[in-house]
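Just so you know, the sequence shown maps onto residues 0 to 274 in numbering that gives the first Met the number 0. Each residue gets a CB set at the ideal place from its N, CA and C atoms; glycine is no exception. What follows is a short report on a single structure.
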Amino acid sequence: MTRFTAWRRRSWAGYAVMLAALVAIGVIYAGLSPATDTAEATGTQAQAQDLAKGRELFNQNCASCHGLNAEGTKDEKGNQLSPSLIGVGAASVDFQVSTGRMPAMTYGAQVPQKKVVAPFDDPENIEAVAAYVQSLGGGPGVPEVPEGGDIALGGKLWRTNCAQCHNFTGQGGALTGGKYAPDLQDTTPVQIYEAMLTGPQAMPVFNDTTLTPHDKASIIKFIETVRAEPNPGGNGLGRIGPVSEGLVVWLVGIGLLVFCAMWITAKKPKKLKKS
(Lines of atoms letter the chains of each structure in order from A and count residues from 1; the text may use other names and numbers.)
(Lines give C-alpha, C1' and ligand atoms only; values in the text may rest on other atoms or scores of the structure.)
Protein backbone atom coordinates (compact mmCIF):
# COMPACT_ATOMS: atom_id res chain seq x y z
CA MET A 1 0.00 0.00 0.00
CA THR A 2 1.42 3.31 -1.03
CA ARG A 3 1.56 6.37 1.21
CA PHE A 4 -1.06 8.21 -0.94
CA THR A 5 -3.53 5.37 -0.65
CA ALA A 6 -3.06 5.27 3.11
CA TRP A 7 -3.63 9.02 3.34
CA ARG A 8 -6.75 8.83 1.15
CA ARG A 9 -8.35 6.31 3.48
CA ARG A 10 -8.14 8.59 6.48
CA SER A 11 -11.49 9.96 7.78
CA TRP A 12 -10.62 13.60 7.25
CA ALA A 13 -9.24 13.17 3.69
CA GLY A 14 -12.61 13.92 2.01
CA TYR A 15 -12.96 17.19 3.94
CA ALA A 16 -9.44 18.21 2.97
CA VAL A 17 -10.12 17.59 -0.72
CA MET A 18 -13.39 19.58 -0.56
CA LEU A 19 -11.65 22.45 1.22
CA ALA A 20 -8.85 22.48 -1.39
CA ALA A 21 -11.42 22.52 -4.22
CA LEU A 22 -13.27 25.46 -2.64
CA VAL A 23 -10.03 27.38 -2.20
CA ALA A 24 -9.08 26.73 -5.84
CA ILE A 25 -12.49 27.92 -7.09
CA GLY A 26 -12.23 31.03 -4.93
CA VAL A 27 -8.78 31.84 -6.29
CA ILE A 28 -9.92 31.39 -9.90
CA TYR A 29 -13.02 33.53 -9.33
CA ALA A 30 -11.00 36.25 -7.61
CA GLY A 31 -8.63 36.29 -10.56
CA LEU A 32 -11.40 36.76 -13.13
CA SER A 33 -13.97 38.97 -11.39
CA PRO A 34 -12.04 42.13 -10.35
CA ALA A 35 -12.23 43.68 -13.84
CA THR A 36 -16.02 43.23 -13.96
CA ASP A 37 -16.51 44.47 -10.42
CA THR A 38 -14.27 47.45 -11.09
CA ALA A 39 -16.17 48.30 -14.29
CA GLU A 40 -19.50 48.10 -12.47
CA ALA A 41 -18.18 50.22 -9.62
CA THR A 42 -16.77 52.76 -12.05
CA GLY A 43 -20.08 52.89 -13.95
CA THR A 44 -22.06 53.38 -10.73
CA GLN A 45 -19.67 56.10 -9.58
CA ALA A 46 -19.88 57.88 -12.95
CA GLN A 47 -23.68 57.73 -12.86
CA ALA A 48 -23.69 59.18 -9.35
CA GLN A 49 -21.41 62.01 -10.49
CA ASP A 50 -23.68 62.75 -13.48
CA LEU A 51 -26.74 62.91 -11.20
CA ALA A 52 -24.89 65.21 -8.81
CA LYS A 53 -23.89 67.44 -11.71
CA GLY A 54 -27.47 67.42 -13.01
CA ARG A 55 -28.85 68.35 -9.61
CA GLU A 56 -26.40 71.23 -9.33
CA LEU A 57 -27.33 72.55 -12.78
CA PHE A 58 -31.02 72.15 -11.94
CA ASN A 59 -30.66 74.12 -8.70
CA GLN A 60 -28.79 76.89 -10.48
CA ASN A 61 -30.98 77.24 -13.57
CA CYS A 62 -34.36 75.58 -13.01
CA ALA A 63 -35.24 75.47 -9.30
CA SER A 64 -36.24 79.15 -9.12
CA CYS A 65 -39.31 78.30 -11.24
CA HIS A 66 -39.84 74.58 -10.82
CA GLY A 67 -38.96 74.33 -7.12
CA LEU A 68 -35.98 72.82 -5.33
CA ASN A 69 -37.54 69.35 -5.57
CA ALA A 70 -39.03 69.89 -9.06
CA GLU A 71 -42.49 70.03 -7.49
CA GLY A 72 -43.51 73.16 -9.44
CA THR A 73 -44.53 76.58 -8.15
CA LYS A 74 -47.81 78.47 -7.70
CA ASP A 75 -48.74 82.10 -7.19
CA GLU A 76 -50.47 83.56 -4.12
CA LYS A 77 -53.90 82.52 -5.46
CA GLY A 78 -52.81 78.95 -6.01
CA ASN A 79 -52.59 79.22 -9.78
CA GLN A 80 -49.87 77.08 -11.37
CA LEU A 81 -46.88 79.13 -12.53
CA SER A 82 -44.44 76.37 -13.42
CA PRO A 83 -45.39 72.69 -13.66
CA SER A 84 -43.97 69.84 -11.66
CA LEU A 85 -41.22 67.93 -13.45
CA ILE A 86 -41.65 64.72 -11.48
CA GLY A 87 -42.45 61.99 -13.98
CA VAL A 88 -42.04 64.07 -17.16
CA GLY A 89 -38.94 62.10 -18.12
CA ALA A 90 -35.64 62.92 -19.78
CA ALA A 91 -37.23 63.28 -23.24
CA SER A 92 -39.29 66.28 -22.16
CA VAL A 93 -36.30 67.99 -20.53
CA ASP A 94 -34.07 67.34 -23.53
CA PHE A 95 -36.69 68.79 -25.91
CA GLN A 96 -37.40 71.92 -23.87
CA VAL A 97 -33.75 72.72 -23.13
CA SER A 98 -32.19 71.75 -26.48
CA THR A 99 -34.68 73.99 -28.33
CA GLY A 100 -33.95 76.94 -26.05
CA ARG A 101 -37.47 77.06 -24.62
CA MET A 102 -36.06 76.42 -21.16
CA PRO A 103 -34.91 78.16 -19.10
CA ALA A 104 -37.84 80.49 -19.89
CA MET A 105 -37.21 84.24 -19.68
CA THR A 106 -40.85 85.35 -19.27
CA TYR A 107 -44.28 83.88 -18.70
CA GLY A 108 -46.75 83.96 -21.55
CA ALA A 109 -49.32 82.01 -23.53
CA GLN A 110 -46.48 79.94 -24.99
CA VAL A 111 -42.74 79.74 -24.51
CA PRO A 112 -41.01 80.45 -27.83
CA GLN A 113 -38.06 78.60 -29.28
CA LYS A 114 -34.84 80.59 -28.99
CA LYS A 115 -31.09 80.25 -29.05
CA VAL A 116 -29.73 77.85 -26.44
CA VAL A 117 -27.89 79.77 -23.72
CA ALA A 118 -25.08 78.79 -21.36
CA PRO A 119 -24.59 76.44 -19.60
CA PHE A 120 -26.89 74.37 -21.82
CA ASP A 121 -24.99 75.15 -25.00
CA ASP A 122 -22.97 72.12 -23.86
CA PRO A 123 -24.94 68.93 -24.71
CA GLU A 124 -23.38 67.13 -21.73
CA ASN A 125 -25.06 69.59 -19.35
CA ILE A 126 -28.44 68.98 -21.00
CA GLU A 127 -27.88 65.24 -20.65
CA ALA A 128 -26.99 65.62 -16.98
CA VAL A 129 -30.11 67.65 -16.13
CA ALA A 130 -32.30 65.27 -18.13
CA ALA A 131 -30.85 62.28 -16.26
CA TYR A 132 -31.45 64.02 -12.92
CA VAL A 133 -35.11 64.75 -13.72
CA GLN A 134 -35.49 61.17 -14.99
CA SER A 135 -34.25 59.91 -11.61
CA LEU A 136 -36.98 61.84 -9.77
CA GLY A 137 -39.92 59.90 -11.13
CA GLY A 138 -39.23 58.13 -14.39
CA GLY A 139 -41.02 59.03 -17.60
CA PRO A 140 -40.06 58.77 -21.28
CA GLY A 141 -36.32 58.66 -21.86
CA VAL A 142 -34.49 60.37 -24.72
CA PRO A 143 -35.49 58.25 -27.74
CA GLU A 144 -33.47 56.84 -30.60
CA VAL A 145 -35.16 57.51 -33.93
CA PRO A 146 -35.70 54.17 -35.72
CA GLU A 147 -34.00 53.63 -39.05
CA GLY A 148 -36.00 53.80 -42.25
CA GLY A 149 -39.52 55.12 -42.40
CA ASP A 150 -42.12 55.19 -45.17
CA ILE A 151 -42.50 58.64 -46.78
CA ALA A 152 -45.95 57.86 -48.18
CA LEU A 153 -47.17 56.60 -44.81
CA GLY A 154 -45.55 59.58 -43.09
CA GLY A 155 -47.37 62.00 -45.41
CA LYS A 156 -50.70 60.31 -44.73
CA LEU A 157 -50.15 60.37 -40.96
CA TRP A 158 -48.94 63.98 -41.12
CA ARG A 159 -52.04 65.18 -42.99
CA THR A 160 -54.27 63.27 -40.57
CA ASN A 161 -52.68 64.28 -37.26
CA CYS A 162 -50.40 67.30 -37.74
CA ALA A 163 -51.19 69.44 -40.80
CA GLN A 164 -54.17 71.23 -39.25
CA CYS A 165 -51.80 72.94 -36.79
CA HIS A 166 -48.33 72.81 -38.33
CA ASN A 167 -49.34 73.46 -41.96
CA PHE A 168 -49.02 70.86 -44.73
CA THR A 169 -45.26 71.37 -44.94
CA GLY A 170 -44.38 72.08 -41.29
CA GLN A 171 -44.34 75.87 -41.57
CA GLY A 172 -46.38 76.29 -38.39
CA GLY A 173 -49.58 78.22 -37.79
CA ALA A 174 -51.65 80.23 -35.30
CA LEU A 175 -53.80 78.62 -32.59
CA THR A 176 -56.27 80.06 -30.10
CA GLY A 177 -55.40 81.99 -26.93
CA GLY A 178 -52.18 83.45 -28.29
CA LYS A 179 -50.65 80.03 -28.86
CA TYR A 180 -49.19 78.73 -32.10
CA ALA A 181 -47.79 75.61 -33.73
CA PRO A 182 -44.06 76.25 -34.29
CA ASP A 183 -42.13 76.06 -37.53
CA LEU A 184 -40.32 72.71 -37.89
CA GLN A 185 -37.68 73.78 -40.40
CA ASP A 186 -34.79 73.79 -37.91
CA THR A 187 -35.80 70.94 -35.61
CA THR A 188 -33.80 67.72 -35.42
CA PRO A 189 -35.31 64.23 -35.85
CA VAL A 190 -34.82 63.52 -32.14
CA GLN A 191 -36.61 66.74 -31.17
CA ILE A 192 -39.56 65.91 -33.45
CA TYR A 193 -39.76 62.42 -31.95
CA GLU A 194 -39.58 63.88 -28.42
CA ALA A 195 -42.38 66.34 -29.23
CA MET A 196 -44.65 63.52 -30.39
CA LEU A 197 -43.71 61.45 -27.34
CA THR A 198 -44.19 64.15 -24.68
CA GLY A 199 -46.73 66.62 -26.15
CA PRO A 200 -45.12 69.96 -25.22
CA GLN A 201 -47.36 72.97 -24.53
CA ALA A 202 -50.50 72.84 -26.76
CA MET A 203 -49.46 69.69 -28.61
CA PRO A 204 -51.21 66.37 -27.78
CA VAL A 205 -49.21 63.30 -26.75
CA PHE A 206 -48.75 60.60 -29.40
CA ASN A 207 -47.53 57.61 -27.43
CA ASP A 208 -46.35 54.37 -29.01
CA THR A 209 -49.90 52.99 -28.91
CA THR A 210 -51.32 55.91 -30.89
CA LEU A 211 -48.36 56.19 -33.27
CA THR A 212 -45.88 53.33 -33.32
CA PRO A 213 -42.13 54.03 -33.50
CA HIS A 214 -42.27 53.14 -37.21
CA ASP A 215 -45.12 55.65 -37.67
CA LYS A 216 -43.10 58.36 -35.93
CA ALA A 217 -40.04 57.55 -38.05
CA SER A 218 -42.22 57.80 -41.18
CA ILE A 219 -43.53 61.23 -40.16
CA ILE A 220 -39.97 62.44 -39.52
CA LYS A 221 -38.90 61.08 -42.90
CA PHE A 222 -41.77 62.97 -44.58
CA ILE A 223 -40.87 66.24 -42.83
CA GLU A 224 -37.20 65.94 -43.78
CA THR A 225 -38.13 65.19 -47.39
CA VAL A 226 -40.58 68.08 -47.73
CA ARG A 227 -38.36 70.73 -46.20
CA ALA A 228 -35.45 69.68 -48.42
CA GLU A 229 -37.47 70.30 -51.58
CA PRO A 230 -36.53 73.49 -53.50
CA ASN A 231 -38.90 76.38 -54.26
CA PRO A 232 -38.98 76.72 -58.07
CA GLY A 233 -40.54 80.18 -57.86
CA GLY A 234 -37.85 81.50 -55.54
CA ASN A 235 -40.03 82.37 -52.53
CA GLY A 236 -42.02 79.58 -50.93
CA LEU A 237 -44.73 81.95 -49.60
CA GLY A 238 -45.34 79.61 -46.69
CA ARG A 239 -45.49 76.64 -49.09
CA ILE A 240 -49.27 76.34 -48.71
CA GLY A 241 -50.03 76.42 -52.43
CA PRO A 242 -52.65 78.52 -54.22
CA VAL A 243 -53.89 80.26 -51.08
CA SER A 244 -50.77 82.35 -50.51
CA GLU A 245 -50.10 82.63 -54.25
CA GLY A 246 -53.62 83.94 -54.89
CA LEU A 247 -53.24 86.44 -52.06
CA VAL A 248 -50.01 87.78 -53.58
CA VAL A 249 -51.67 88.06 -57.00
CA TRP A 250 -54.55 90.00 -55.46
CA LEU A 251 -52.46 92.36 -53.35
CA VAL A 252 -49.71 92.99 -55.91
CA GLY A 253 -51.32 92.41 -59.29
CA ILE A 254 -54.84 93.72 -58.87
CA GLY A 255 -53.67 96.33 -56.38
CA LEU A 256 -51.27 97.68 -58.98
CA LEU A 257 -54.04 97.78 -61.60
CA VAL A 258 -56.34 99.66 -59.23
CA PHE A 259 -53.58 102.17 -58.47
CA CYS A 260 -52.94 102.74 -62.19
CA ALA A 261 -56.66 103.23 -62.85
CA MET A 262 -56.94 105.77 -60.04
CA TRP A 263 -53.85 107.61 -61.27
CA ILE A 264 -55.19 107.83 -64.84
CA THR A 265 -58.63 109.04 -63.82
CA ALA A 266 -57.15 111.56 -61.42
CA LYS A 267 -55.80 113.64 -64.36
CA LYS A 268 -58.31 116.32 -65.31
CA PRO A 269 -58.52 117.14 -69.05
CA LYS A 270 -57.81 120.73 -70.08
CA LYS A 271 -60.83 122.82 -71.06
CA LEU A 272 -61.30 123.25 -74.79
CA LYS A 273 -60.68 126.78 -76.02
CA LYS A 274 -63.70 128.62 -77.42
CA SER A 275 -63.51 129.12 -81.09
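- With fewer than 16 other CB atoms across the displayed protein chains lying within 10 angstroms of its CB, Pro122 is exposed.
- Of the residues assessed, Lys220 falls on the buried side of the cut-off, its CB having 16 or more other CB atoms within 10 angstroms.
- Between Tyr192 and Lys215, the C-beta spacing is below 8 Å.
- Note on Thr98: 16 or more other CB atoms within 10 angstroms of its CB, so buried under the neighbour-count rule.
- Per the DSSP secondary-structure output, Ser81 pairs in a beta bridge with Thr72.
- DSSP places Gly86 in the coil class of the three-state scheme, outside both helix and strand.
- For Cys161, there is no enclosing alpha helix (DSSP H), as DSSP marks it with neither H nor E.
- Rounded to the nearest whole angstrom, the CA to CA distance from Lys113 to Leu152 is 31 Å.
- By the CB criterion at 8 Å, Gly172 and Cys164 fall inside the cutoff.
- Under the DSSP assignment, Met261 falls in the alpha helix (DSSP H) whose first and last residues are 254-265.
- Inter-segment contact for the segment 83-93 and the segment 122-134 is present: three or more beta-carbon pairs are separated by less than 8 Å.
- When DSSP states are grouped into helix, strand and coil, Gly172 belongs to the strand group.
- Residue burial annotation: Gly88 is buried, with at least 16 other C-beta atoms found within 10 angstroms of its C-beta.
- In the DSSP assignment, Leu67 falls outside any alpha helix (DSSP H), carrying neither H nor E.
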